[in-house]
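Here my numbering is used: the first residue of the sequence shown is 797, the next is one more, and so on. Comments concern the structure below.
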Amino acid sequence: MLQGGGPHPDAVRAAFVARQEFPLDAFQVAALDVLDAGRSVLVAAPTGSGKTVVAEYAVDVALAAGGKAFYTTPIKALSNQKFADLSRRHGRDQVGLLTGDNAVNGDAPVVVMTTEVLRNMIYAASPALRGLHVVVLDEVHYLQDTYRGPVWEEVIIHSPPGVRFVCLSATVSNAEELTDWISTVRGPTEAVIETRRPVELVNTYLVGDKSTPRLHLLPTLVDGRPNPEGPRFDADSLRTAPRSPRGRPRRRWFTPNRLEVVDRLADEDLLPAIHFIFSRAACADAVSLCLDAGIRLTAPDERARIRAIVEGRVAGLSDADLSVLGYGRYLAALEAGIASHHAGMVPPFKEAVEACFVEGLVKVVFATETLALGINMPARTVVIDKLTKFTGERHEAVTPADYTQLTGRAGRRGIDPLGHAVVLWSPYVGFDQVAALSSSRSFRLRSAFRPTYNMAANLVARYEPGEAHALLNRSFAQYQTDRSVVDLETRLARRRAVLAELERTTVDRPDVAEYARLVAASREAGATSAQHGAIETALSRVRPGTVLDVRTTTMSGPVAVLTYAVRARRSGDGPQETRLRVVNPKRRVVTLTVPDFHDVPEVVGEVELPQPFAPHARSTEHRVADQLRRFKGGRSRPKRPGATVGQARRVLEDHPLHAHPDRDVLVGAYQRAERIRREVDDMLASVTASTATLARRFDRVLALLEAWGHLDGWALTDKGRRLGRIYHECDLLLAEALDEGLFDDLGPAALAGLVSVFGYEHRSASPPPPSWFPSADVRERYRRIEALTRDLHA
């Protein structure tokens, strides 16, 4: 049992198993055994395999022992669905819901919530945490999400002692590593891993062909390997396609439109289907395309049932609201068996789509990827519109993690013998990439944990400095870093052993180091145009921020590169010349060309550049120079006076080691030892940097908070206490805008408009529309928010 008290665990389990629709799978039995042993459990299994059975059992055990259970999810839609499921199971009076939209029965013994709500409760030391026995973290692999992922780690680290965890994850390749970390911070935890899908998945490729009205639908994999027929559809990509007289490529293959896809799936008896499109607007356009084409996929009795479900869901909306929301076309599409599903829909509309789809009434849903996050809406077929998506900043390829999550919806247990995943042809993605994704079975989970401003404020409020730093060191990010350091330490030990052996070779000849330097000096003195070529090559590898050890006509020692350019010579003759603009630790800035260098400069490291980077600004030059003064990178070479070839050669020949029979062996051993010594130094620096990365970042966050008046030493000011209650990606900016009164004395519409700048995401590759302001006052407040943003990033 999770904690003592209540009915005998055997009775609880027997009653639970008796209620299940299907016999328990082996992995589910193993996970229940872990819970009965009083341990936490991580269940890593494909989407739709029945992981939630384990979570439901943990809830039953907690209730039987007189305790509480919190069920957390990453999105509100999933929270709403779990709330409905658990309410049916335990009764509405026993189950609560806490999301950004709803607060229902929050003091109930079972509460469903988004993960951020639990994190906020922990930081606020909420009384609701008393009596908490178990926390379910659904979709725990979400901790790799760049912006929201740290919340999952905060919950695991900061939850009250004695609370057990049930972590539900997609199939990840490093589940044991995650389990080991949870064991470190929470106590005994076991991993239960299942790689088999409950319904076998068939991956297919859908291609349009201008030579025939019928689309090509072929298996992506044959006997587990890429279909040899697939690469032929890459033959007329953008680069190789024949050109028309106007210069445009003539392609035979094309991407089927969404109407063609629906028709083909219906012909193949592959409905119901979820068609994933990474754009809310495109989801709505796809529904309009099908509706305007007159598609009807439902029978009369199904249409009547759809209307009844929808009318029940929208009963709380006025006629005016429904008119604004386009209710007429929304209902017409649903009655035709077509719908969209995305986070921009009002909850009643979205919930009606979910209810109709679960009952099998809606045949095609055009959805964004949020539908793949645990919502129980399985389909016979999943269609992936594109294998790239625009994040608002850049186009990114769909990852194995994304593909696994999306295709996890394909195949209904107990209904479909096979699930189908269909990828549409694109000129920008080769068949080999499609096949690679189709054959991927798992992905590696990487922590995205980082100290945020809000997190820092809450750590200061709750802990002493040493405790706060120690908590950061308990993160999964630090755990993964430290594991890599173990490998680095192993390599370091091996290199040290080689170095010791080489040093024993030269121990009887301490003058070998001096002789090796004379050899190098002789070579340098003899360098001519070949050396200029080497200098040119070395300079071509630098970038702003690179630290060089130089000897030039104007300065020697370490310098940091501010700019790098290749320009025509002032004379206009000859090849282009390379110019570096550099600064030294004394803030002296010069421009260097190849002839200025006495020898080949050495790259000894990098300094962090101020952001935004304005290389010609005096403040930037000074800040980079200050960074360079604190630079602890590679060692500078000793300064040596220049020498002529003859002088250098005579000094070399006069050295006692020059006539030694093993001279070359000794010099070679010394030179190799020097290379390895530099490697060892670099490895040591990496070890030090790896184990202190989070702490240094946390300290930088603290310094900035103190500079902006949120901290006074290790104590929060009034501003800091308010920051500790702001949970948002723009937490510090919002806190500063509040402090300046930028939201004061605004009407509801103006306030909503101004606040929207903190949540708006432009997700199109085209430029965003021009900003519009309802008044000059709102425009001025927006300008002040822009100025604050620049100041915070200065």
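Glycine included, each C-beta is placed from N, C-alpha and C at the ideal position. Just so we're clear, the structure is a prediction, and the values are computed from it rather than from any experiment.
Item: Contact set for H1513: own chain, Cβ-Cβ below 8 Å, skip 5 residues either direction; Value: Reading off the sequence shown, one finds Thr at residue 1513, where the question assumed His. So the qualifying residues of the chain are G1505, H1506, L1507.
Item: Cβ contact (3+ pairs, closer than 8 Å) linking the segment 830-846 and the segment 1197-1207; Value: yes
Item: Reduced DSSP secondary structure (H/G/I, E/B, other) of P1015; Value: strand
Item: Counted within 10 angstroms of its Cβ, other Cβ atoms place G1215 as buried (16 or more) or exposed; Value: buried
Item: For P1354 and D1587, the rounded distance between their alpha carbons; Value: 31 Å
Item: Whole-number beta carbon distance between V1158 and G1124, since they are thought to touch under 8 Å; Value: Contact doesn't hold; Cβ gap of about 17 Å is too wide.
Item: Nearest-angstrom Cα separation, counted from A1421 out to E1582; Value: 29 Å
Item: Residue environment, F1409, which counts as buried when at least 16 other CB atoms sit within 10 Å; Value: exposed
Item: Endpoints, beta strand (DSSP E) assigned at V1178; Value: 1177-1180
Item: Option nearest L1011 by Cα separation, candidates Y943, T1277, R1076, D1059; Value: D1059
Item: Distance CB(F1245)-CB(P946) smaller than 8 Å; Value: yes
Item: Cβ-Cβ separation, V1218 to V1179 (assumed contact under 8 Å), whole Å; Value: 5 Å
Item: DSSP three-state assignment for Y1523, whether helix, strand or coil; Value: coil
Item: Cβ-based neighbour list, E1150, same chain, cut-off 8 Å, excluding 5 preceding and 5 following; Value: A873, Q877, H1137, I1171, M1173
Item: Nonlocal neighbours in the same chain, by C-beta distance under 6 Å from V839, ignoring five residues either side; Value: A827, K847, V850, L964, V988
Item: Beta-carbon gap between L894 and V913 smaller than 8 Å; Value: yes
Item: Touch test, the segment 1535-1542 against the segment 1263-1280, Cβ-Cβ under 8 Å, three pairs minimum; Value: no
Item: The segment 926-940 touching the segment 812-824, judged by at least three CB pairs closer than 8 Å; Value: no
Item: Three CB pairs or more closer than 8 Å across the segment 1287-1304 and the segment 1246-1261; Value: no
Item: Y1578 - DSSP class collapsed to helix/strand/coil; Value: helix
Item: Residues bridged to V988 [DSSP beta-bridge criterion]; Value: V839
Item: Range covered by the alpha helix (DSSP H) that runs through R1425; Value: 1414-1425
Item: Proximity of D1005 and R1048 at Cβ, strictly below 8 Å; Value: yes
Item: Helix, strand or coil at M1351 according to DSSP, with G and I counted as helix; Value: coil
Item: Residues near R1291 in its chain [Cβ-Cβ closer than 6 Å; skip 5 each side]; Value: I1472, E1475, V1476
Item: Alpha-carbon to alpha-carbon, V1110 and A810; Value: 41 Å
Item: For T1008, the first and last residue of its enclosing beta strand (DSSP E); Value: Per DSSP, T1008 belongs to no beta strand (DSSP E) and is neither H nor E.
Item: Three-state secondary structure (DSSP) of G892; Value: strand
Item: Nearest-angstrom Cα separation, counted from L1388 out to G1438; Value: Confidence at G1438 is low in this model, with a pLDDT of 45, below 50, so the placement of that residue is unreliable and no value is reported for it.
Item: Coarse secondary structure for S1482, derived from DSSP in three states; Value: helix
Item: Local Cβ density within 10 Å of E1155, reported as buried at 16 or more and exposed below that; Value: exposed
Item: Whole-angstrom distance between P805 and D1097, CA atom to CA atom; Value: 46 Å
Item: Residues bridged to D767 (per DSSP); Value: Nothing about residue 767 can be reported from this structure: the residues present for the chain run from 797 to 1590 only.
Item: Inter-stretch contact (C-beta, 8 Å, three-pair minimum) for the segment 875-889 and the segment 1010-1026; Value: no
Item: Test item: CB-CB of L1241 and L974 under 8 Å; Value: yes
Item: Distance CB(I953)-CB(L1267) smaller than 8 Å; Value: yes
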